[in-house]
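J.: With the working numbering, the residue at position 264 of the sequence shown is 266, and numbering never jumps.
Attaching a single structure in structure tokens format; questions to follow.
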Amino acid sequence: MLSLNPYSTQLIEEDDIEAVAQVLRGATLTQGEQTEIFEKELAEYLGVKYVLTFNSATSALYCAYKAYNLADSEVITTPISFVATCNMLLENDAKPIFCDIKSDGNINEEKIASLITPKTKAIVSVDYAGKSVEIEKIKAIAQEHNLIWISDSSHSFGGEYKGEKIGGFADSTIFSFHPLKPLTTGEGGALATNDENIYKRAKLIRSHGVVKKTLWNSEVSESGFNFRMTDIASALGRSQLKKVDSFIARREQIARFYDEIFDNNPHFDTLLIPSYIKSSRHLYPIFLKQKYFCSKEEIFKALQKEGLGVQVHYKPIHLYSLYSPYSPLYMAEAFYKAEISIPCHQKMTQEDAKITAEKIFSVFQSLQICKA
């Protein structure tokens with residue numbers, strides 16, 4: 003089914019198309035200057051020393067985990083994320099240890115310490131829906147227990163915590179530039195860090211582990227992959243970067259309209275964002291009241307029928323067969339039963355948001371509540 007209004011989408015304009023066309027007309031489509039310039043512009047935007055771009059955030063996660071030598075260790079992470087966050091831990095022979103979440107979908111920092119063992123080497127947090135985790139609390143835990151902190155901020159490029167851009171708080175931070183994110187390179191991702199050693203090692207892993215020496219001579223001291231971003235994608239990213247703050251501002255306008263119109267409604271709750279956090283608003287989730295849990299499929303289908311491109315973010319990772327057996331996580335599983343993402347993106351107008359809200363209320367008003 004083609005939805006009339008997706009939960010998120012890219013906004014590609016003529017300047018983006020022209021930026022890509024210029025690269026296509028040139029001599030170098032990859033491993034040229036566009037990617038190097040894009041990385042420098044990203045580092046300046048984020049306020050960090052180093053940024054590496056990749057062909058996906060998944061590749062960036064893999065290289066970050068490998069650069070920190072997480073093999074044979076335990077890594078405390080959240081079950082509410084896309085599976086790539088944990089799949090790349092498995093690919094690095096690290097064991098994910100799932101920590102339950104809070105009602106906002108972010109890892110419950112109060113529960114992290116109880117999961118730390120002598121084998122724990124890192125914490126991997128996720129900024130759910132574009133809302134930052136509680137940075138000061140997680141950073142303090144990592145420092146107290148001498149743990150690496152990697153922030154999977156795939157949802158939160160352009161977001162802020164207490165006036166500073168997300169990207170330089172953790173030891174390394176990962177971003178996604180998938181088309182559903184506020185800034186897109188088609189497919190793509192990035193690793194941001196202030197650690198020169200991690201930057202250099204991740205850069206090697208990103209490109210076969212090859213070190214160029216003189217003329218045609220080179221050296222390889224460890225294995226790697228081709229996880230590079232093309233200059234075509236980088237050119238699109240550079241163009242999008244100039245507009246990303248306006249894209250996020252538009253998403254924020256839509257989100258605030260929803261916040262107001264959905265306030266204190268009897269059907270569902272919304273995500274509260276404290277004043278010290280600027281969300282990228284990658285997602286606008288609604289959380290069904292418990293009495294609607296058993297009607298979720300009916301609600302989802304009815305919203306789709308109304309032309310709304312809704313989605314659920316996410317099935318908790320510990321419930322997938324690849325990760326079983328794991329102990330139940332009450333909050334994560336309740337979150338899954340409650341969450342539906344509704345349209346919120348930079349292509350929407352205020353009228354689109356109004357129509358979306360009206361359709362959502364109409365669906366709930368006509369709903370026959372099931373009996374569990």
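Backbone N, C-alpha and C fix where the C-beta goes; we use that ideal spot for every residue, glycine too.
Remember, predicted model here, so these are calculated numbers, not experimental data.
1. Please return the same chain residues whose Cβ sits closer than 8 Å to the Cβ of Glu43, not counting the five positions on each side in sequence.
2. What did DSSP end up calling Phe249 once you bin it into helix, strand or coil?
3. Checking the sheet assignment: what are the DSSP bridge partners for Lys93?
4. Can you name the residues that DSSP bridges to Cys311?
5. Could you check what DSSP says for Phe363 in three-state terms: helix, strand or coil?
6. Grouping DSSP H, G and I as helix and E and B as strand, with all else coil, what is Lys215?
7. Below 8 Å on the Cβ atoms is my contact criterion, and I expect Ala59 with Ala86 to pass it. Report the Cβ-Cβ distance as a whole number of Å.
8. Residue ranges of each beta strand (DSSP E) run of no fewer than 3 residues wholly in the segment 108-163, ordered along the chain?
9. Ignore the nearest five residues each way along the sequence and tell me which others in Gly190's own chain have a CB closer than 7 Å to its CB.
10. How many Å lie between Pro184 and Gln145 at the Cα?
11. By a C-beta neighbour count over all protein chains shown, 10 Å radius and 16 as the cutoff for buried, is Tyr260 buried or exposed?
12. Taking Cβ to Cβ, would you say Val128 is nearer than 7 Å to Ser83?
13. Going by beta-carbon coordinates alone, are Ser158 and Ser297 separated by less than 7 Å?
14. Once the 5 residues before and after Ile263 are set aside, which same chain residues still bring their CB inside 7 Å of it?
15. Could you give the DSSP three-state label for Ile256: helix, strand or coil?
16. For the pair the segment 156-175 and the segment 33-50, tell me if three or more CB-CB distances fall below 8 Å.
T.: On the basis of the data shown:
1. Numbered from 1 along the sequence shown, position 41 holds the residue referred to as residue 43. So the qualifying residues of the chain are Arg240, Leu243.
2. Taking the first residue of the sequence shown as 1, we reach residue 249 at position 247. The three-state secondary structure of Phe249, taken from DSSP, is helix.
3. In the sequence shown, the residue the question calls residue 93 occupies position 91. Note that residue 93 corresponds to Glu in the displayed sequence, not to Lys. Under DSSP, Glu93 shares a beta bridge with no residue.
4. Position 309 of the sequence shown, counted from the first residue, corresponds to residue 311. In the sequence on display, residue 311 carries Gly and not Cys. Partner(s): Pro8.
5. For the purposes of this step, residue 363 is taken as the residue at position 361 of the sequence shown. In the structure shown, Phe363 adopts helical secondary structure according to DSSP, grouped into three states.
6. Position 213 of the sequence shown, counted from the start, is the residue given in the question as residue 215. Lys215: coil per DSSP, three-state reduction.
7. Counting from one through the sequence shown, the residue named residue 59 turns up at place 57. Counting from one through the sequence shown, the residue named residue 86 turns up at place 84. Sure, about 7 Å apart at Cβ, within 8 Å.
8. If we require 3 residues or more, the beta strand (DSSP E) runs fully inside the segment 108-163 come out as 122-128, 150-154.
9. Here residue 190 is taken as the residue at index 188 of the sequence shown, counted from 1. Around Gly190: Thr55, Phe56, Asn57, Ser58, Phe179, Met231, Ala235, Gly239.
10. Numbered from 1 along the sequence shown, position 182 holds the residue referred to as residue 184. Numbered from 1 along the sequence shown, position 143 holds the residue referred to as residue 145. Each residue's alpha carbon lies about 32 Å from the other.
11. Residue mapping note: residue 260 aligns to position 258 of the sequence shown, counting from 1. The residue in question, Tyr260, is buried, as its Cβ has 16 or more Cβ neighbours within 10 Å.
12. To locate residue 128, count along the sequence shown from 1; it is residue 126. To locate residue 83, count along the sequence shown from 1; it is residue 81. Cβ distance < 7 Å, so Val128 and Ser83 count as in contact.
13. Position 156 of the sequence shown, counted from the start, is the residue given in the question as residue 158. Position 295 of the sequence shown, counted from the start, is the residue given in the question as residue 297. No, they are not a contact pair.
14. On the sequence shown, position 261 is the one that residue 263 refers to. Only Ala359 meet the Cβ criterion.
15. Within the sequence shown, the letter at position 254 stands for residue 256. Of the three classes helix, strand and coil, the one that applies to Ile256 here is helix, per DSSP.
16. Touching, yes, given that three or more Cβ pairs across the two stretches are closer than 8 Å.
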